[in-house]
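A.B. asks: Next up is a structure, given as structure tokens.
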């Protein structure tokens, strides 16, 4: 295994479990203690984890830290693509849907361009651009106004006013984090208010979120976990998290895990 691959494996394990021990990495990866310590040093210098005695822990973002859209697009690309493909299967022709801002909802938009007779409400500039580039006469796209955030969302009173008068069949909600304590969260107070308006206008709430969002907490709660009718995530989510989510959300779908029928696992 190359050093870059090994470091990516270490980083994914830290993100999944919150911490790792040097001894466990030596055993599991079949390399020396010194090699693992060098890998941790490299990752720590890049700000991706924090070295502690005997191992490393995750470097958690602040509750108000909001990465830009371009930065988030490069993260967990394979997982987001799989989640987006599965989420698209929940959209029927002739329905009205809402897509909040986020890179996973942006990936979802690409899978919806061939769905006929859709009405799409969004506060995401990149999502609106996806549909604009591939115009259809039978599709209606409504882009809310508002103040632009680092993640290219339109938020604030103008966005909330536009959304509050609408009713859609399903909202696909991109989130910054999700946890038992805080629910679905965002690091932007105005975006939280706008997202709550999106949730309120929909008959069904679907949250497409990769496994790294688990136990990440933004400053403001959008909705409790129990409010979600469906949560779609990937196989990187650990068993305990799957259990906790499945006990609260209406339905938990795990992509990348095939059942006997070859479909994504539903819990």
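Residue numbers (the UniProt record's numbering): 1 to 267. Beta carbons are placed, not taken as given, at the ideal position from N, Cα and C, and that holds for glycine.
Since residue 179 is in the beta strand (DSSP E), which residue starts that stretch and which ends it?
C.D. replies: The residue you call residue 179 lines up with position 179 of the chain shown. Element bounds for residue 179: 177-179.
A.B. asks: Between which residues of its own chain and residue 63 is the CB-CB distance below 7 Å, once the five residues before and five after are set aside?
C.D. replies: As a working mapping, residue 63 is identified with position 63 in the chain shown. Summary for residue 63: the model assigns pLDDT 49, below 50, so the residue's position carries little reliability; its value from the coordinates is reported in the next sentence. Correct list, in chain order: 187, 217, 218 and 219.
A.B. asks: Grab me the residues of residue 19's own chain with a C-beta within less than 8 Å of its C-beta, minus the 5 sequence neighbours each way, in chain order.
C.D. replies: On the chain shown, residue 19 is found 19 positions in, with the first residue counted as 1. The answer, listed in chain order, is 52, 55, 56, 57 and 58.
A.B. asks: Find the nearest neighbour of residue 94 within the set 107, 113 and 101, judged by alpha-carbon distance.
C.D. replies: As a position in the chain shown, residue 94 is number 94, starting the count at 1. Nearest C-alpha to residue 94: 113.
A.B. asks: With residue 103 as the anchor, note down where its beta strand (DSSP E) starts and where it stops.
C.D. replies: Mapped onto the chain shown, residue 103 falls at position 103. Segment 103-110 is the alpha helix (DSSP H) holding residue 103; no beta strand (DSSP E) there.
A.B. asks: Please state the DSSP three-state secondary structure of residue 45.
C.D. replies: Locating residue 45 in the chain shown gives position 45, counting from the first residue. Helix, per DSSP.
A.B. asks: Closer than 8 Å by C-beta to residue 130: which residues in its own chain qualify, once you throw out the five before and the five after it? Chain order, please.
C.D. replies: In the chain shown, residue 130 corresponds to position 130, counting from 1. Correct list, in chain order: 106, 109, 110 and 113.
A.B. asks: Mapping the DSSP letters down to three states, classify residue 63 as helix, strand or coil.
C.D. replies: Sequence index remark: in the chain shown, residue 63 carries index 63 (1-based). Confidence at residue 63 is low in this model, with a pLDDT of 49, below 50, so the placement of that residue should be treated as unreliable; the coordinate-derived value is given next. Three-state DSSP puts residue 63 in coil, outside helix and strand.
A.B. asks: Would you call the stretch 188-198 and the stretch 154-164 touching, i.e. three or more CB-CB distances under 8 Å?
C.D. replies: Judged by Cβ distances under 8 Å, the stretch 188-198 makes contact with the stretch 154-164, as three or more pairs qualify.
A.B. asks: Can you give me the start and stop residues for the beta strand (DSSP E) that residue 99 sits inside?
C.D. replies: Locating residue 99 in the chain shown gives position 99, where the first residue counts as 1. Here the beta strand (DSSP E) through residue 99 covers 96-99.
A.B. asks: Taking residue 232 as the reference, which of 221, 92, 240 and 213 has the closest Cα?
C.D. replies: Start at 1 with the first residue of the chain shown, and residue 232 comes out as number 232. Nearest C-alpha to residue 232: 213.
A.B. asks: Is there contact here, the stretch 199-212 with the stretch 77-97, by at least three beta-carbon pairs under 8 Å?
C.D. replies: They touch, by the three-pair rule.
A.B. asks: Starting from the Cα of residue 229, find the closest Cα among 16, 100, 23 and 245 and give me that residue.
C.D. replies: Counted from its first residue, the chain shown places residue 229 at position 229. For residue 229, the nearest C-alpha among the options comes from 245.
A.B. asks: Do you know how far the Cα of residue 26 is from the Cα of residue 261?
C.D. replies: To locate residue 261, count along the chain shown from 1; it is residue 261. To locate residue 26, count along the chain shown from 1; it is residue 26. Interpretation of residue 261 is limited by its pLDDT of 45, a score under 50 that renders its predicted location unreliable; no figure is taken from the coordinates.
A.B. asks: To the nearest angstrom, report how far apart residue 201 and residue 165 are at their CA atoms.
C.D. replies: In the chain shown, residue 201 corresponds to position 201, counting from 1. In the chain shown, residue 165 corresponds to position 165, counting from 1. Residue 201 and residue 165: Cα-Cα distance of roughly 8 Å.
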